[in-house]
Amino acid sequence: MNFASNALFTLLACSFLAPAAFAQEKDQAPLRFCRVSDSAARIYNLPDVKGKVIAKPAPKSIVAVHREHGAGWLEVEVPGGFAVWVYGRYLKPTATPGIYEVTGNAVNLRPEPNSDVTSFPLRQRLQSRDQVAVIRQFEPDEPMEETWVCVWSPPGVRGLMPADQVENLSDQEDGHALWSFALASAGTEAPKFLAPRDRIVQQGKADRAEEALKQARQELDVEAGKPTPDYGRVRSALEAVAKEASGSPVAVEANVELQRLGQLEETLAVKEELYRERERRRLEALDAQRRVWERSRRLDPLREVFVARGVLERQVGSTGDERYFLHYGGETRAELLCSSRRYDFSRFDSYEIGVKGASAGELEPGVDRIDVARLEVIRRR
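Using my numbering, the final residue of the sequence shown is 1028, and nothing's skipped along the way.
1) For residue 681, write down the residues that DSSP places opposite it in a beta bridge.
2) Answer yes if the segment 997-1007 comes into contact with the segment 951-967, meaning at least three C-beta pairs across the two stretches below 8 Å, and no otherwise.
3) Please tell me whether residue 806 and residue 715 are closer than 9 Å, where the distance is taken between their beta carbons.
4) Please return the same chain residues whose Cβ sits closer than 8 Å to the Cβ of residue 889, not counting the five positions on each side in sequence.
5) In this structure, how does DSSP classify residue 700 when only helix, strand and coil are distinguished?
6) Are the CB atoms of residue 773 and residue 751 within a distance shorter than 9 Å?
7) Going by other Cβ atoms of all chains shown within 10 Å of its Cβ, with 16 needed for buried, is residue 992 buried or exposed?
8) Compute the beta-carbon to beta-carbon distance between residue 622 and residue 749, rounded to the nearest angstrom, for a pair I have assumed lies under 8 Å.
9) Spatial neighbours of residue 981 within its chain, please: C-beta separation below 6 Å, excluding the five flanking residues on both sides.
10) Give me the residue from 997, 1023 and 979 with the minimum Cα distance to residue 1010.
11) If the criterion is Cβ atoms closer than 9 Å, does the pair residue 756 and residue 733 meet it?
12) Determine the DSSP secondary structure at residue 755, reduced to helix, strand or coil.
13) Do you know how far the Cα of residue 801 is from the Cα of residue 681?
14) For the 8 Å Cβ check, are there 3 or more pairs between the segment 688-702 and the segment 803-818?
15) Compute the minimum distance between the beta carbon of residue 989 and the heavy atoms of the ligand GTP, and state whether it is under 8 Å.
16) List the residues that DSSP assigns as beta-bridge partners of residue 979.
17) Closer than 7 Å by C-beta to residue 809: which residues in its own chain qualify, once you throw out the five before and the five after it? Chain order, please.
18) Rounded to the nearest angstrom, how far is the Cβ of residue 738 from that of residue 791, given a contact under 8 Å?
19) Would residue 761 be called buried (16 or more neighbouring beta carbons within 10 Å of its own) or exposed?
20) DSSP three-state label for residue 960, please.
21) What does DSSP give as the partner residues of residue 1009 in its beta bridges?
22) Using 8 Å for Cβ pairs, my map puts residue 829 next to residue 709. What's the rounded Cβ distance?
23) Excluding sequence positions up to five away, which residues of its chain have a Cβ less than 7 Å from the Cβ of residue 740?
24) In angstroms, rounded to a whole number, what distance separates the CA positions of residue 1019 and residue 960?
25) By how many angstroms is the C-alpha of residue 883 removed from the C-alpha of residue 965?
26) Give the DSSP bridge partners of residue 1004, in chain order.
27) I think residue 711 touches residue 799, with their Cβ atoms under 8 Å apart; what is that distance to the nearest whole Å?
28) By Cβ distance, which residues of its chain are closer than 6 Å to residue 963, with the 5 residues on each side in sequence left out?
29) What is the DSSP secondary structure of residue 747, reduced to helix, strand or coil?
30) Specify the secondary structure class of residue 730 as computed by DSSP and reduced to three states.
31) Using CA coordinates, which residue listed in 926, 1012 and 995 is at the minimum distance from residue 1024?
32) List the residues that DSSP assigns as beta-bridge partners of residue 738.
33) Which same chain residues end up closer than 7 Å to residue 870 when comparing Cβ atoms and leaving out the 5 residues on each side of it in sequence?
34) Does the beta-carbon of residue 865 have 16 or more other beta-carbons within 10 angstroms, so that it is buried, or is it exposed?
35) Under the three-state reduction of DSSP, which class applies to residue 773: helix, strand or coil?
36) Please name the residue, chosen from 986, 983, 984 and 934, that lies closest to residue 977 on a Cα-to-Cα basis.
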């Protein structure tokens, strides 16, 4: 920043630092103060190194930490704010040169002079009647309302930086004193921002959205681990978060989770389709096999000789009871009984036999119980 800019913003700090700004600073007290420890430190618009850089804080400079994000990211504020972009139609001049009043609500602060997805706005937004200090126009020859304007972000606006690029202050250092000194040295204090109460309400909504996103993520992980997941409720929750936090980093994260959910749903649909196709083919094969069996049975020369024929199989129950069944053509044809005790079925286990006898009822549809009066061995196995 040049000398003229420093002078302007020092004047602004002295002339426009209203009592409300001091109340806001108190209400929005940071979690702690840290010192930049990495010479390559960067502050981004999103918790991602692929995001846009909005500041390159100097080594040993002070930052105020307002929030700790997952995956090693911190939400931080720097003395004097960030140079960010606002569309000019949301600004109107005030009586003070270089100071403009915001005319819309929820006006985005972007890292670059465009509104596409690569220039995702910061978490905080400007509200009607906020005032900002203008740095420059993106297109100086165009009317301000038709181009982007670079402004200093007001107090409370934060970016995101990796946690490993800062270090805690020593026990002997006073973070509040160092921060106040840094603010005075920066000379870029904006006139005023949101009223404390409005700021708290806005932050409360963001906190609720983050908590809802966290809960939805957990539910998604649980459902993804189930054999038959139900993604409907998770999708509704994520869509609600994306809508409630529209235009914020939380909404971006919710949409990323929705994309992941879409992939899981697609994978599930493919698995279900494969299962249905395998089941269809299995049933078709069974039906074809039944037709073959029926045909072979009709052509069986012994069909009229025996009540039933097939391979005898012994089954032993959990109590040690033995039961004998006839299998023919891959199907169970009958259970054999012998009330006369004439035959010891164990001697014919695995033999192909034919039997005559009286019906003793139906074990289940298509499977008779036969009280054997005569047994003939057709083939030994």
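Note that beta-carbon positions come from the ideal geometry of N, C-alpha and C, so glycine has one too. On a predicted model such as this, the values are computed, not experimentally measured, just so you know.
Reading from the atomic positions:
1) Note: residue 681 sits in a beta bridge opposite 710 and 815.
2) A contact exists between the segment 951-967 and the segment 997-1007.
3) No, these two residues do not count as a Cβ contact at 9 Å.
4) Cβ within range, chain order: 898, 901, 902 and 905.
5) DSSP places residue 700 in strand when its eight states are reduced to three.
6) By the CB criterion at 9 Å, residue 751 and residue 773 fall inside the cutoff.
7) Answer is buried; the Cβ neighbour count reaches 16.
8) In the structure as shown, the chain starts at 648 and stops at 1028, and residue 622 therefore has no counterpart that could be examined.
9) Answer for residue 981: 955, 973, 1015 and 1017, listed in chain order.
10) Looking only at 997, 1023 and 979, the smallest Cα-Cα distance to residue 1010 is reached by 979.
11) Yes.
12) In the structure shown, residue 755 sits in a strand (DSSP, three-state: E or B).
13) Residue 681 and residue 801: Cα-Cα distance of roughly 20 Å.
14) Contact between the segment 688-702 and the segment 803-818 is present: 3 or more CB-CB pairs across the two stretches fall below 8 Å.
15) Summarising the ligand content, the structure contains no ligands, and the ligand GTP is consequently not present.
16) Under DSSP, residue 979 takes part in a beta bridge, and its partners are 974.
17) Non-local C-beta neighbours of residue 809 in its own chain, meaning closer than 7 Å and more than five positions away in sequence, comprise 719 and 720, ordered along the chain.
18) 7 Å between Cβ atoms; contact.
19) Answer is exposed; the Cβ neighbour count stays below 16.
20) Secondary structure of residue 960 (DSSP, three-state): strand.
21) Its beta-bridge partners are 1015.
22) At roughly 5 Å, the Cβ-Cβ gap stays under 8 Å, so residue 829 and residue 709 are in contact.
23) So the list reads 747, once near-sequence residues are dropped.
24) Near 15 Å, if we compare the C-alpha coordinates of residue 960 and residue 1019.
25) Going from the Cα of residue 965 to the Cα of residue 883 covers about 50 Å.
26) Residue pairing by DSSP places residue 1004 opposite 1019 in a beta bridge.
27) Here residue 711 is actually not in contact with residue 799; their C-beta atoms are around 16 Å apart, not less than 8 Å.
28) Leaving aside the five residues that flank residue 963 on each side, the residues in its chain whose CB is nearer than 6 Å to its CB run, in chain order, 969.
29) DSSP places residue 747 in strand when its eight states are reduced to three.
30) In the structure shown, residue 730 falls within a strand segment according to DSSP collapsed to helix, strand and coil.
31) Nearest C-alpha to residue 1024: 995.
32) BP columns for residue 738 point to 749.
33) Residues of the same chain with a CB within less than 7 Å of the CB of residue 870, apart from the 5 flanking positions on each side, are 876, 877, 878 and 881 in chain order.
34) Exposed.
35) Here residue 773 sits in strand by DSSP.
36) Comparing alpha carbon positions, the residue from 986, 983, 984 and 934 closest to residue 977 is 934.
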